[in-house]
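Enquirer: Residue numbers for the sequence shown, in our numbering: 13 to 198. Can you read through this structure? Questions will come right after.
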Amino acid sequence: MIIYMDGKYRKILNILNPLNDHTGNVFVDYNAIFGDEIITIEDTFMFGNIIPRIESVSAPDTITRSSDATVSLYLISAQVFDADGIETIKWAGFTSFHIEGDSLMNNGNYIYLYDDGSDEILYEPNITSGDSIRGDGTFSFRIPVYGTGFTDPSFQTRAGTFNWRFLTQDLANEYSQIYEHEIVIQ
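Right under this line is the structure:
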């Protein structure tokens, strides 16, 4: 308002801002009214980096280990979104905390998920991520679960309750909020 109480200017109700769901751009219309003349100027600018987020996680609640010496692969996926574009995602992954053992699995390192369309062999002889479509924002990895018949400690999957903490980082080094998933391995 430029002149107090002159009735020439009004506030236009704001609509919900869809910024987080679509782009990092802000669109603004400036309106100036002078007499019967209305002048409108449109402008667009970048809001800055928008932090990425994990929309959802697809993982079982319970995994039952086989009783023999076999390995089963379980697909774990996280749907990731970044308003600045999915191509700005640096990585997505999770840590696995064994609640009863009060310890982190995988030496505390992230278990990385991939949005590669399973085009790359990650482990020999031909283990791929299990991801369906490259670049669609769904990051995936097939985790191996070893049956109880293995005697070598390197090939044993610990039983118990685990807290999986999913995270993603973008190229501006911003992190998403943590998305937690609890899983029981029997």
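C-beta atoms are modelled at their ideal positions from N, C-alpha and C, and glycine is treated no differently.
Just to confirm the assignment, what range does the beta strand (DSSP E) spanning G105 have?
Expert: To locate residue 105, count along the sequence shown from 1; it is residue 93. Start and end: 101-110.
Enquirer: Would L125 be called buried (16 or more neighbouring beta carbons within 10 Å of its own) or exposed?
Expert: Residue mapping note: residue 125 aligns to position 113 of the sequence shown, counting from 1. That one is buried.
Enquirer: Once DSSP output is grouped into helix, strand and coil, what is the label at G120?
Expert: To locate residue 120, count along the sequence shown from 1; it is residue 108. G120: helix per DSSP, three-state reduction.
Enquirer: Does DSSP put I155 in a helix, a strand or coil?
Expert: Along the sequence shown, one-based indexing puts residue 155 at 143. Correct three-state label for I155: strand.
Enquirer: In chain order, what residues of the same chain lie with their CB nearer than 6 Å to the CB of S68, ignoring the 5 residues before and after it?
Expert: The residue labelled residue 68 in the question sits at position 56 within the sequence shown. Correct list, in chain order: Q91.
Enquirer: Would F174 and H110 be called neighbours here (beta carbons separated by less than 8 Å)?
Expert: Residue mapping note: residue 174 aligns to position 162 of the sequence shown, counting from 1. Residue mapping note: residue 110 aligns to position 98 of the sequence shown, counting from 1. In this structure, H110 lies closer than 8 Å to F174 by Cβ.
Enquirer: Considering only residues of the same chain and omitting the five flanking positions on each side of L31, which have a CB-CB separation below 6 Å?
Expert: Start at 1 with the first residue of the sequence shown, and residue 31 comes out as number 19. Here the model assigns L31 a pLDDT of 48, short of 50, so the residue's position is not dependable, and the following value carries that caveat. Contacts found: none.
Enquirer: In the DSSP output, which residue or residues are listed as bridge partners for A44?
Expert: In the sequence shown, residue 44 corresponds to position 32, counting from 1. In DSSP, A44 forms a bridge with I51.
Enquirer: Count the other CB atoms, across all protein chains shown, that sit within 10 Å of the CB of Y135; report buried if there are 16 or more and exposed otherwise.
Expert: Taking the first residue of the sequence shown as position 1, residue 135 is located at position 123. Looking at its Cβ environment, which holds fewer than 16 other Cβ atoms inside 10 Å, Y135 is exposed.
Enquirer: Measure the C-alpha to C-alpha separation of F106 and N185 and round it to an integer number of angstroms.
Expert: Here residue 106 refers to the residue found at position 94 when the sequence shown is read from its first residue. Here residue 185 refers to the residue found at position 173 when the sequence shown is read from its first residue. The straight-line gap from Cα to Cα measures roughly 17 Å.
Enquirer: Could you check the C-alpha separation between Y86 and R154 for me, to the nearest Å?
Expert: Residue 86 sits at position 74 when you count from the first residue of the sequence shown. Residue 154 sits at position 142 when you count from the first residue of the sequence shown. Distance between the alpha carbons of Y86 and R154 is about 5 Å.
Enquirer: Check for me: the beta strand (DSSP E) holding Y191 runs from which residue to which?
Expert: On the sequence shown, position 179 is the one that residue 191 refers to. Segment 191-197, the beta strand (DSSP E) holding Y191.
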